[in-house]
Structures are given as C-alpha cells and as structure tokens.
Amino acid sequence: MSNEPERNAPDPALNFQGEMYAQKQYEFTPAENEMISGLASKMRVVGLFNVILGVVLVAMPFVLHYAFGYPQLRVTPMMAGLLFLLTGMWTRGASVSFDKITASKERDITNLMKAVDDLDGVYGLQYGLILMGLLVMGSLAIYFIAVDATGAGNVFSY
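To convert, count from 1 in the sequence shown and add 31; that's my numbering.
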C-alpha cells in the first residue's frame, strides 16, 4: 500500500451523517434548485402548522380541565397533538435540508440525503403507528368475535 495520493481522486466531502467519503457530488441546475426551494417553502409552512396544531392539541385538555373545570383530562387529543408536533418538527427539519441544497455548492447530494433521512423519520413514525393501530383493531376484532361465539354476552353492558 503506497502513501502517495491517488491520481484524479475527487475532493472529499461529508455525507449526511458527517462521515468522510471521496465522491464528487451532483450539482442541481437552477431550475431544479427553484423546484426544491418551492418544496422547502411549502414544507416549512406545513411543518409550522403541524407544530402549532400539536401544541394546541396537547395544551387543550389541560386548559379545559383547569381553566373551565371539565371533570376529566382527555388523553386522545394529547396523543394526536404529540403526533402533529413530531411530524411538524421533522417536516421543518427536512425543509431546512432542502433549503441547504439550493444554497450550497458541491454538497447537494449530502443535503438531499439529510432531507430524505428526516422524511424517513416522519413516515417511519406514521408507518409504525398505522401498523400498531391495525394490530390493535385486528386483536379487538378477534376478541369480540370470540366473545360473541362463546355467548358471553355484551362485553360493554354495565
């Protein structure tokens, strides 16, 4: 193994996780940058809306309970609010990475991969919640079919 530099080696760059790799990156055209910038702007607005909605949904049960004397603290709006809050923050994070694509030179792919990683977090969370919901619904359906088949009666009667 020789210590002399490799001929025609591309300039090293950082990948989206901060690791060094030697690869020349694709540079988006001005038209592609304009499209990416428009997407980033829309994502920023949607992300902000989701964050605001999430904060409102998390705070609403507390306000209703403590300020207006509602007897029960509802958990469902808080869970939905947490989902909106997380997806909003991830969406805004992805929009920052998309904005960096248009502002940077020779780091477009690195910034694109960071944006894709952020979007993977958003959709990974939603995917996991959908799978959990389907699992719970399927389990409940099997349970209620079994209860009905055994003649145990109405499970929800008081």
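Note that CB positions come from ideal geometry on N, CA and C, so glycine has one too.
CB-CB length for residue i against residue j, believed under 8 Å
i      : j     : result
Met120 : Val87 : So it is not a contact: roughly 15 Å between Cβ atoms.
Ser126 : Ala71 : 5 Å
The alpha helix (DSSP H) enclosing residue i, as first and last residue numbers
i      : result
Leu84  : Pro61 to Tyr97
Lys55  : Neither: Lys55 is in no alpha helix (DSSP H) and is coded neither H nor E.
Val178 : Asp139 to Thr181
Pro102 : Pro102 -> no alpha helix (DSSP H), and no H or E assigned at all.
C-beta contact flag for residue i and residue j at 7 Å
i      : j      : result
Thr122 : Ser68  : no
Leu104 : Pro92  : yes
Gly124 : Asp149 : yes
Ala111 : Ser128 : no
Asp139 : Glu65  : no
Met109 : Val89  : yes
Buried or exposed by the 16-neighbour rule on C-beta atoms within 10 Å, applied to residue i
i      : result
Thr118 : buried
Val76  : exposed
Glu35  : Caution applies to Glu35, whose pLDDT of 49 falls short of 50 and renders its modelled position unreliable; the value that the coordinates give is listed next. The residue in question, Glu35, is exposed, as its Cβ has fewer than 16 Cβ neighbours within 10 Å.
Val153 : buried
Thr141 : buried
Met74  : buried
Gln157 : exposed
Gly169 : exposed
Phe99  : exposed
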